[in-house]
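Visitor: So the sequence shown is numbered by the working numbering: it starts at 11 and just counts up by one. Where a beta carbon is used, it is the ideal one built from N, C-alpha and C, also for glycine. Remember, predicted model here, so these are calculated numbers, not experimental data. Have a look at the structure that comes next, please.
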Amino acid sequence: MSTVAPPWSYTLHLSRDPRSPGIARSTLRSVLAAYKLGGLAPTAELLASELLTNAHLHTGGPYALHISPTASGQLRLGVWDKDPTVPSGLGAGFAHGVMPDEGSEGGRGLALVRAYADAWGASPLGDTEGPSGGKVLWAECGWRGPS
């Protein structure tokens, strides 16, 4: 008798603490290992780290990491925060691998997301969506199917 793997997703709510991104990366590694997706860990951790650090540095409140598979066989990492402002580094018109100007002091983290993710974007949330509105920055990396 065959069994069907149940759909899964995990959300880790993080306090505004400089240790939170590291705690989230550790949790991500545990989730990937549990689903035998450890091969995605280097890319997934890089993507999550950049999105989490962005939330930590540029917003004033708590944030959350959401980990889930997509119907198309990708791993999606989403980072929610209360600030509804979508960073220009994930807006329309940016291409994979485009880095900020040499003199820029910021923007490299989101450039790394664009370079290493198979897909990426931002989803502004209305007042009634998410924990308290805000936005979700997300990135997907390759994997092909449920475990």
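(1) CA-CA distance, Ala121 and Gly131?
(2) Let's see if you can read the secondary structure: which residues bound the beta strand (DSSP E) around Pro134?
(3) Ordered along the chain, which non-local residues of its own chain (more than five positions away) have a Cβ less than 7 Å from that of Leu57?
(4) What does Leu75 pair with, by DSSP beta-bridge criteria?
(5) Residues in its own chain within less than 7 Å of Val96 by CB, not counting five upstream and five downstream?
(6) Following the continuous alpha helix (DSSP H) through Val96, name the residue where it begins and the one where it ends.
(7) Please report the distance separating the alpha-carbon of Val41 from that of Leu50.
(8) Taking the alpha-carbon positions, what's the Lys46 to Gly71 distance?
(9) Return the CA-CA distance between Ala54 and Ile33, expressed in angstroms with no decimal places.
(10) Mind checking which residues open and close the alpha helix (DSSP H) that includes Gly32?
(11) Buried or exposed: Ser25, going by 16 or more other Cβ atoms within 10 Å of its Cβ?
(12) What did DSSP end up calling Ala81 once you bin it into helix, strand or coil?
Guide: Let's see:
(1) Here the question's residue 121 lines up with position 111 in the sequence shown. Here the question's residue 131 lines up with position 121 in the sequence shown. Taking the straight line from one Cα to the other gives about 12 Å.
(2) The count along the sequence shown starts at 1 and reaches residue 134 at position 124. Start and end: 129-135.
(3) What you label residue 57 is simply residue 47 of the sequence shown in a count that begins at 1. Taking Leu57 as the centre and dropping the five residues before and after it, the same chain places the C-beta of Leu87, Val123, Tyr126, Ala127, Ala149, Cys151 closer than 7 Å to its C-beta, in chain order.
(4) Residue mapping note: residue 75 aligns to position 65 of the sequence shown, counting from 1. Its beta-bridge partners are Leu22, Val89.
(5) Start at 1 with the first residue of the sequence shown, and residue 96 comes out as number 86. Ala132, Pro134, Lys145, listed in sequence order.
(6) As a position in the sequence shown, residue 96 is number 86, starting the count at 1. No alpha helix (DSSP H) holds Val96; DSSP gives it neither H nor E.
(7) Within the sequence shown, residue 41 is the residue found at index 31, counting from 1. Within the sequence shown, residue 50 is the residue found at index 40, counting from 1. For the pair Val41 and Leu50, the Cα-to-Cα distance works out to about 11 Å.
(8) Numbered from its first residue, the sequence shown carries residue 46 at position 36. Numbered from its first residue, the sequence shown carries residue 71 at position 61. Each residue's Cα considered, the two are about 33 Å apart.
(9) Taking the first residue of the sequence shown as position 1, residue 54 is located at position 44. Taking the first residue of the sequence shown as position 1, residue 33 is located at position 23. Each residue's Cα considered, the two are about 14 Å apart.
(10) By 1-based counting over the sequence shown, the position of residue 32 is 22. Segment 30-44, the alpha helix (DSSP H) holding Gly32.
(11) Your numbering for residue 25 matches position 15 in the sequence shown. By the 10 Å Cβ count, Ser25 comes out exposed.
(12) Within the sequence shown, the letter at position 71 stands for residue 81. Reduced to three states, the DSSP call for Ala81 is coil.
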